[in-house]
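Take a look at the structure set out below.
Protein chains in written order, with our numbering: chain A, 10 to 226; chain B, 93 to 386.
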């Protein structure tokens, strides 16, 4: 079996948001929508203050609450663990948005204009309007088209850039690592063996596919 | 924003589905129960169906792709929204048929999908794992009891339309059922708030704290007093029943509106550890916007 997951080493992440930009560039998400973004946490009070940069997005959960509640089967789980959306089936009821504890989903009815109404849509926005995503649920796909292309051409997702999500490819600190957790020799499996890690909101038992490394064992 | 933010995706139209659907389905169940006890309540079936249909119509106006709405029936295996839609397809024709035939048996039969519809509404909220104010187990008894109490309230408001119903309500078990429902809803509300103590975002707790006084005074205490007065003063039973019913309905609608629109903060983000910097050691985590201890 295969289950693709994302690992974020929060010791390495510098909060540069290159992954955010790479995701927007690759997926042409509407203004205001970020399938991948990096949160800036500040913990403590002066003088004992700590800062952490936490990449977030769809966790591609094993027991995905969004897929369970979806009345249309538009949100579904692929055999490789990726939670996908069939935009043509989705009715835009937004139930999945309420069910996701990671705030990873959006619905855009009328796209915002990046530079306000008076300037209209940018040329690149006009070229990739993605009308199929309008008024339906949308979220991070783990760049599923790249993964499908890669696996169809004998590439290894997480190792070969052409088969790896854009955010992981672009990370300047190699803080975002993508791979198959069911393969004990994969990059992500080795990292999880050698590092202490947590998943966000573990108590909700979603079986999140997003792991945060916080210390070497 | 790291802390929990208020959901904006389900607005008054979604709340309207829970309000109208809960009242309509509750009305059908209560009407069936009272008809079994000898009251003439088949006439309420049309009103109940109209409530449910209005609720579904409101939610239809909210969805992003209304022309694809028939897709809602595709996932009965796990989605309570699909199940709600399916039982509504039984409830609506049965309710209308009950009204036109005046059949008590049909009314009792239509109470089955109505009860399922009400339960499905509760489970829809319960399964929304992203919103702590909804996902608690205690939301189920609250939504069910408030729907039944609203139904009883509507029945009391219009009880005077059928001769003999008001007197029958106060002489027989109807009065006891109304009191029990108000009491049960109060208990469910307390249980709901208790379940969220230290288990929900701070802002959710503040909203519920503010709503508590209204619900306790107008939704629990007032109907109880009015129903007891109605039992004691037979001459004023009609207005007292109607006013008690009004508060029973109003409080249920208020309660659901508060929970769906104002208390519905998302989970927010949290980390259990902060990373080491330089030669330092990792630090504690953070859960912004939540009351401690968790």
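We put the CB at the ideal spot given by N, CA and C, even for glycine.
C-beta atoms of residue i and residue j nearer than 7 Å
i	j	result
residue 321 of chain B	residue 310 of chain B	no
residue 188 of chain A	residue 69 of chain A	no
residue 287 of chain B	residue 326 of chain B	no
residue 229 of chain A	residue 45 of chain A	This structure gives no information on residue 229 of chain A, because the portion of chain A shown stretches from 10 to 226.
residue 121 of chain B	residue 260 of chain B	no
residue 349 of chain B	residue 98 of chain B	no
residue 123 of chain B	residue 115 of chain B	no
residue 301 of chain B	residue 383 of chain B	no
residue 305 of chain B	residue 343 of chain B	no
residue 278 of chain B	residue 312 of chain B	yes
residue 205 of chain A	residue 224 of chain A	yes
residue 171 of chain B	residue 78 of chain A	yes
residue 377 of chain B	residue 364 of chain B	yes
Alpha-carbon spacing of residue i relative to residue j, whole angstroms
i	j	result
residue 95 of chain A	residue 83 of chain A	5 Å
residue 386 of chain B	residue 152 of chain A	With a pLDDT of only 47 at residue 386 of chain B, under the threshold of 50, the placement of this residue in the model should not be trusted, and no figure is reported.
residue 104 of chain B	residue 221 of chain B	20 Å
residue 109 of chain A	residue 252 of chain B	47 Å
residue 80 of chain A	residue 318 of chain B	42 Å
residue 228 of chain B	residue 74 of chain A	14 Å
residue 330 of chain B	residue 254 of chain B	11 Å
residue 381 of chain B	residue 221 of chain A	21 Å
residue 31 of chain A	residue 22 of chain A	15 Å
residue 140 of chain B	residue 248 of chain B	14 Å
residue 111 of chain B	residue 148 of chain B	11 Å
residue 281 of chain B	residue 198 of chain B	32 Å
residue 119 of chain B	residue 113 of chain B	10 Å
residue 324 of chain B	residue 262 of chain B	10 Å
residue 93 of chain A	residue 66 of chain A	13 Å
residue 37 of chain A	residue 192 of chain B	56 Å
residue 166 of chain A	residue 174 of chain A	8 Å
residue 374 of chain B	residue 71 of chain A	28 Å
residue 396 of chain B	residue 328 of chain B	Chain B is shown only over 93 to 386; residue 396 of chain B falls outside these bounds and no answer can be derived.
residue 59 of chain B	residue 100 of chain A	Any question about residue 59 of chain B goes unanswered here, given that chain B covers just 93 to 386.
residue 201 of chain B	residue 215 of chain A	39 Å
residue 276 of chain B	residue 211 of chain B	16 Å
Contacting residues, own chain, Cβ-Cβ under 7 Å from residue i (five flanking each side not counted)
i	result
residue 173 of chain B	164 and 216
residue 177 of chain B	164 and 165
residue 164 of chain A	171 and 172
residue 273 of chain B	237, 240, 241 and 244
residue 200 of chain A	16, 186 and 222
residue 146 of chain B	112
residue 122 of chain A	40, 128, 129 and 130
Status (buried if at least 16 other CB within 10 Å, exposed otherwise) for residue i
i	result
residue 61 of chain A	buried
residue 138 of chain A	exposed
residue 15 of chain A	buried
residue 213 of chain B	buried
residue 127 of chain A	exposed
residue 53 of chain A	exposed
residue 297 of chain B	buried
residue 118 of chain A	exposed
residue 136 of chain A	exposed
residue 379 of chain B	buried
Close Cβ partners of residue i (< 6 Å) along its chain, the five nearest in sequence each way excluded
i	result
residue 20 of chain A	none
residue 114 of chain A	105, 106, 146 and 148
residue 127 of chain B	133, 196 and 199
residue 141 of chain A	96
Extent of the continuous beta strand (DSSP E) run through residue i
i	result
residue 120 of chain A	Premise fails: residue 120 of chain A is in no beta strand (DSSP E) and is neither H nor E.
residue 72 of chain A	Segment: none, residue 72 of chain A is in no beta strand (DSSP E) and carries neither H nor E.
residue 46 of chain A	45-54
residue 98 of chain B	Here residue 98 of chain B belongs to no beta strand (DSSP E), and DSSP marks it neither H nor E.
residue 134 of chain A	Unbroken run through residue 134 of chain A is the alpha helix (DSSP H), 132-136; no beta strand (DSSP E).
residue 15 of chain A	13-18
residue 129 of chain B	No beta strand (DSSP E) contains residue 129 of chain B, which DSSP labels as neither H nor E.
residue 220 of chain A	219-225
Range covered by the alpha helix (DSSP H) that runs through residue i
i	result
residue 315 of chain B	314-324
residue 205 of chain B	196-218
residue 300 of chain B	294-306
residue 268 of chain B	265-288
residue 348 of chain B	329-349
residue 176 of chain B	172-193
residue 92 of chain A	Per DSSP, residue 92 of chain A belongs to no alpha helix (DSSP H); it is in the beta strand (DSSP E), 92-94.
residue 233 of chain B	231-249
residue 34 of chain A	27-36
Sequence-distant residues of its chain with Cβ nearer than 8 Å to residue i (five each side left out)
i	result
residue 125 of chain B	203 and 269
residue 91 of chain A	13, 69, 150, 151, 153 and 156
residue 58 of chain A	51 and 52
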